[in-house]
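J.: Each residue of the sequence shown is one higher than the last, beginning at 26 in the working numbering. Built from N, CA and C at the ideal position, the CB exists for glycine as well. From a predicted model like this one, the values you see are computed outputs, not experimental measurements. One structure coming up, written as structure tokens, with questions to follow.
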Amino acid sequence: MVGSCVAMHLQHLNGLENERAFWILLKGYHLFLEWREM
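Written out as structure tokens, the structure is:
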């Protein structure tokens, strides 16, 4: 999966800011998919 690959890359960077931004994007993307299916 692309998501886990990105997560591993962010963990490698050890950047809390990057990780937080990634989760915000991921959550937003899931919300977008749910909204599109409605």
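Using a threshold of 9 Å, state whether the C-beta atoms of Glu44 and Ala32 are closer than that.
T.: Within the sequence shown, the letter at position 19 stands for residue 44. Within the sequence shown, the letter at position 7 stands for residue 32. Yes, these two residues count as a Cβ contact at 9 Å.
J.: For His55 and Ile49, I'd like the C-alpha separation in whole angstroms.
T.: By one-based count along the sequence shown, residue 55 stands at place 30. By one-based count along the sequence shown, residue 49 stands at place 24. Spanning the two alpha carbons is a distance of roughly 10 Å.
J.: Do Leu51 and Gly28 have their CB atoms nearer than 9 Å?
T.: Translated into the one-based positions of the sequence shown, residue 51 becomes position 26. Translated into the one-based positions of the sequence shown, residue 28 becomes position 3. Taking 9 Å as the Cβ cut-off, Leu51 and Gly28 qualify as a contacting pair.
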